[in-house]
Amino acid sequence: MSTTAELLKGAAELFPDEVVTSAHVRHLELPSGAGRFALITLDNGFDHTKPTTFGPASLARLDAAINQVEKEAAAGEIVGVGVTGKPFVFAVGADLKGVELLKEHRDALAIGKGGHEVFKRLAGLAVPTFAYYNGAAMGGGVEVGLHCAYRTVSKALPAFSLPEVFLGLVPGWGGCTLLPNLIGAENAVSVIIENSLNQNRQLKGAQVHELGIADALFEGADFLEQSLLWTAAVLKGEIVVERPAVDRGDAWDQAVAKGRALADSKVHGAAPAAYRALDIIAAAKNGDLQQGYDAEDRALADLIMGGELRSGIYAFNLVQKRGKRPAGAPDKSLARPVTKVGVVGAGLMASQLALLFLRRLEVPVVLTDIDQERVDKGVGYVHAEIDKLLGKGRINQDKANRLKALVTGVLDKAEGFSDADFVIEAVFEEIGVKQQVLAEVEAVAPAHAILATNTSSLSVSEMASKLKHPERVVGFHFFNPVAVLPLLEIVRGEQTDDASLATAFAVAKKLRKTAVLVKDAPAFVVNRILTRFMGEIQNVIDEGTPVAVAEKAVEPLGLPMSPLVLLELVGPAIGLHVSETLNRAFPDRFTVSPNLAAVVKAGKRGFYVYSAENGFKPELDPEVAALLKQGDTVLTEEQVRARVLDAVAQEIGLMLDEGVVAEAQDIDLCLITGAGWPFHLGGITPYLDREGVSQRVNGKPFLAPGTASVPV
84 MSTTAELLKG AAELFPDEVV TSAHVRHLEL PSGAGRFALI TLDNGFDHTK
134 PTTFGPASLA RLDAAINQVE KEAAAGEIVG VGVTGKPFVF AVGADLKGVE
184 LLKEHRDALA IGKGGHEVFK RLAGLAVPTF AYYNGAAMGG GVEVGLHCAY
234 RTVSKALPAF SLPEVFLGLV PGWGGCTLLP NLIGAENAVS VIIENSLNQN
284 RQLKGAQVHE LGIADALFEG ADFLEQSLLW TAAVLKGEIV VERPAVDRGD
334 AWDQAVAKGR ALADSKVHGA APAAYRALDI IAAAKNGDLQ QGYDAEDRAL
384 ADLIMGGELR SGIYAFNLVQ KRGKRPAGAP DKSLARPVTK VGVVGAGLMA
434 SQLALLFLRR LEVPVVLTDI DQERVDKGVG YVHAEIDKLL GKGRINQDKA
484 NRLKALVTGV LDKAEGFSDA DFVIEAVFEE IGVKQQVLAE VEAVAPAHAI
534 LATNTSSLSV SEMASKLKHP ERVVGFHFFN PVAVLPLLEI VRGEQTDDAS
584 LATAFAVAKK LRKTAVLVKD APAFVVNRIL TRFMGEIQNV IDEGTPVAVA
634 EKAVEPLGLP MSPLVLLELV GPAIGLHVSE TLNRAFPDRF TVSPNLAAVV
684 KAGKRGFYVY SAENGFKPEL DPEVAALLKQ GDTVLTEEQV RARVLDAVAQ
734 EIGLMLDEGV VAEAQDIDLC LITGAGWPFH LGGITPYLDR EGVSQRVNGK
784 PFLAPGTASV PV
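Reading the sequence shown from the start, the letters are residues 84 to 795 in my numbering.
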């Protein structure tokens with residue numbers, strides 16, 4: 084049997100570039116004469132922008148620190164041990180860069196065992212142990228604290244989570260076993276499964292305390308001081324921490340069942356992590372911790388060697404790294420300042436854009452439209468949203484007043500835009516209308532102003548072709564809802580110059596959007612792929628496959644919603660319009676469904692109706708069913724899925740050949756941030772590679788071996 088030190092040494096050799104976290108031990112006298120105390124501080128030597136992580140060498144440092152305090156505790160030299168982090172960061176878990184390098188199941192198993200063996204020693208010390216969650220705590224950072232006897236948390240803590248399931252792992256250093264035994268299965272399922280599957284939702288300090296994960300909550304300003312005062316009171320018996328008894332009856336089983344239903348609704352069995360985590364939580368009901376740790380080790384090793392986790396890490400890196408340094412963006416020094424923004428249109432999309440520019444840039448924003456009623460409605464929408472932020476305590480009264488004063492509406496473009504640096508149009512999606520609007524703006528806006536279009540599918544070059552200065556027109560395509568979806572497709576027209584493009588990227592960064600540079604090609608990236616995807620679903624329905632079979636066929640992808648529910652969200656008329664645009668560009672691959680046209684003509688909002696009796700599940704609208712004219716070719720779910728995936732793989736291959744984006748990675752980044760496609764698919768290209776679809780359709784995979792997959 085390998086010792087912990089040997090396990091970690093072996094793992095460290097596989098990961099020479101680890102940013103090592105030190106575990107500094109210092110001693111202090113606790114207040115009120117409570118005794119000498121050892122405080123371990125986790126710190127990787129960088130500021131908060133490089134959070135503290137645990138790789139094998141970091142675990143070895145913590146192991147050595149525990150060796151020291153274990154001896155002191157046994158000798159009666161200390162009364163307790165505390166663990167805390169550097170400013171703003173407690174610890175954010177395992178170092179994923181190391182996980183990516185693992186090629187063997189036994190090495191993956193060693194990482195799981197190594198973490199357990201080190202963290203478990205905190206629970207085995209001869210004196211009480213305390214975790215002080217002073218800053219961001221995720222994954223292994225949360226788990227090291229769970230092995231302590233007591234925990235405090237800062238009110239200023241911005242993010243606390245066990246995000247492993249989101250990435251394709253399980254909380255494997257005690258999380259699945261200890262958390263339900265501490266706060267009950269229902270709350271544990273909420274933290275481990277529900278929050279992860281809801282786009283990795285984070286907890287704040289107060290919620291951590293409310294859930295019972297932490298025993299005490301203190302202000303951020305003097306957090307450590309207050310925690311040590313509290314620690315002294317606990318050690319002296321002045322404070323007795325009482326925790327509610329955990330319900331180990333039916334409530335436990337119901338919580339796990341609820342977790343399974345949630346996982347089914349989100350990933351439809353497509354990604355194993357949530358189910359493995361739930362199995363461990365279910366087994367933890369008997370309170371046997373070692374059995375739980377062993378199950379965590381096995382799950383961790385199996386998942387590390389699986390494609391979903393590799394895709395998850397790939398997706399995480401795309402969002403965190405590539406998303407912040409867009410491929411092909413011009414030198415940022417070319418960007419011009421933006422001190423006033425104009426928005427053409429005052430409908431819902433335009434109003435959402437006005438609110439976003441206002442909140443992020445905090446500069447004057449002026450809306451225009453064709454009549455005063457629309458203008459007033461647009462400004463009214465922005466004011467109402469600011470009032471909601473005020474009501475939720477997200478901004479104070481001063482800020483609300485200032486923001487409201489910055490947004491105005493006028494009918495006259497000359498009056499509104501004569502001193503604007505950036506004007507974006509969000510009017511009806513028709514090329515003639517957009518050309519006219521841009522010509523009107525060009526006539527009154529300053530010579531340096533960027534003219535942006537929020538078109539979802541039309542040619543930016545064609546839109547700019549009739550202007551005197553087409554070089555300052557740029558596509559700035561947002562996704563709905565604007566406040567939620569991070570993607571911004573920045574489209575370079577044929578004549579767009581570098582300064583205009585650089586300004587667009589600089590504005591995108593201030594808007595906190597993930598900007599991807601795309602070529603001016605029909606429907607750009609997300610809408611082109613989704614339209615091909617939806618078009619193929621529509622085709623099999625038109626040919627005769629029942630709606631329910633076509634919809635169910637793509638469930639194993641674990642997409643955020645089914646194709647026809649997505650169509651409802653987008654709006655059938657917009658879906659039809661984009662398919663018509665793409666059909667004109669690529670008639671051999673993009674069809675216009677006569678059934679979809681009939682649904683739009685009938686004024687239907689979608690294919691489904693929802694009723695309280697049916698628990699608001701989608702049911703085919705009888706009126707839509709009556710409109711459908713279908714052929715007699717009925718495909719199975721497997722046949723539908725193969726056809727849809729082949730179509731998507733073909734389209735992505737063609738887009739890369741056309742240079743719509745720099746690389747396959749940009750396609751994936753767009754689908755993750757613009758359409759909410761899951762991390763466990765890696766967007767889409769890792770999944771197509773993994774399932775052999777890319778090879779079958781294009782004769783080669785999209786990504787190099789070892790990218791989003793286990794290295795060979």
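The beta-carbon is built from N, C-alpha and C at its ideal position, and this holds for glycine as well.
The structure presented is a predicted model; accordingly, all values stated were derived computationally and were not measured.
- Are there 16 or more other CB atoms within 10 angstroms of the CB of Q455, so buried, or fewer, so exposed? exposed
- Query: Across which residues does DSSP place S237 in a beta bridge pair?
  - Reply: F301
- Neighbourhood of F562 by C-beta, 6 Å cutoff - its chain only, sequence neighbours within 5 removed: L568, L570 and G757
- Task: Compare the beta carbon distance of E523 and K496 with 8 Å and say whether it is the shorter of the two.
- Result: yes
- Neighbourhood of I387 by C-beta, 7 Å cutoff - its chain only, sequence neighbours within 5 removed: V182, L185 and A191
- Item | Separation of F762 from G255, as counted between CA atoms | 19 Å
- Query: In or out: R773 buried (at least 16 other Cβ within 10 Å) or exposed?
  - Reply: buried
- Which of helix, strand or coil does DSSP assign to M738? helix
- Query: In three-state terms, what does DSSP make of T614?
  - Reply: helix
- Start and end of the beta strand (DSSP E) containing D126? G118 to D126
- Query: Since S244 sits in a beta bridge, which residues does DSSP pair it with?
  - Reply: M221
- Of the residues V172, L280 and A121, which one's Cα is nearest the Cα of L205? A121
- Message: With a threshold of 7 Å (Cβ to nearest heavy atom), would T768 be considered close to the ligand GDP?
- Response: The model on display carries no ligand, and the ligand GDP is accordingly not part of it.
- Message: Considering only DSSP beta bridges, list what E379 is partnered with.
- Response: DSSP output for E379 lists no bridge partner at all.
- F213 in three-state terms, based on DSSP: strand
- Query: Ends of the alpha helix (DSSP H) at G198?
  - Reply: H188 to A206
- Task: Please determine, among G222, A315 and G228, the residue with the shortest C-alpha to C-alpha distance to D274.
- Result: Residue identity differs from the one stated: residue 274 is Val in this sequence, not Asp. Nearest C-alpha to V274: G222.
- With C-beta atoms as the reference, is I123 less than 8 Å away from V162? no
- Nearest-angstrom Cα separation, counted from A410 out to A589: 14 Å
- Item | Residue range of the unbroken alpha helix (DSSP H) whose run includes G165 | Per DSSP, G165 belongs to no alpha helix (DSSP H); it is in the beta strand (DSSP E), G163 to G168.
- Query: CB-CB under 7 Å to T579, same chain, minus the five flanking residues each way: which ones, in chain order?
  - Reply: E554, V556 and V557
- Rounded to whole angstroms, how far is the Cβ of D715 from the Cβ of V776, which I believe are closer than 8 Å? Contact doesn't hold; Cβ gap of about 28 Å is too wide.
- Message: Quick check on M84: does DSSP put it in helix, strand or coil?
- Response: Note that M84 scores a pLDDT of 44, beneath 50, so its modelled location is shaky; the value from the coordinates is reported in the next line. Correct three-state label for M84: coil.
- Count the CB pairs spanning the stretch 296-315 and the stretch 362-371 that are closer than 8 Å, and state whether there are at least three. no
- Please classify M84: is it buried, with 16 or more other beta-carbons within 10 angstroms of its beta-carbon, or exposed? Because the pLDDT at M84 is just 44, under 50, the model does not fix this residue reliably, and the point stays unresolved.
- Query: Can you tell me the Cα-Cα spacing of A695 and G766, whole angstroms?
  - Reply: 34 Å
- Quick one, which of G461, A598, L752 and Q290 has its alpha-carbon nearest P413's? A598
- Task: Take every Cβ of the stretch 377-385, pair it with every Cβ of the stretch 665-672, and state whether three or more of those distances are shorter than 8 Å.
- Result: no
- Is the CB-CB distance between L311 and P114 below 8 Å? yes
- Beta-carbon contacts of A289 that lie in its chain and below 7 Å, excluding the five residues immediately before and after: K238 and L300
- Name the DSSP beta bridge partners of R109, please? L122
- Could you tell me how far apart the beta carbons of D625 and Q713 are, in whole angstroms, since I believe they sit closer than 8 Å? 6 Å
- Do three or more CB pairs link the stretch 311-326 to the stretch 245-259 at distances below 8 Å? no
- Message: So, for L786: in the same chain, excluding its five sequence neighbours on each side, which residues have a beta-carbon less than 7 Å away from its beta-carbon?
- Response: A747, T768, P769 and D772
- Query: For the beta strand (DSSP E) that contains K602, what are its first and last residues?
  - Reply: T597 to K602
- Query: Taking buried to mean at least 16 other C-beta atoms within 10 Å of its own C-beta, is F699 buried or exposed?
  - Reply: exposed
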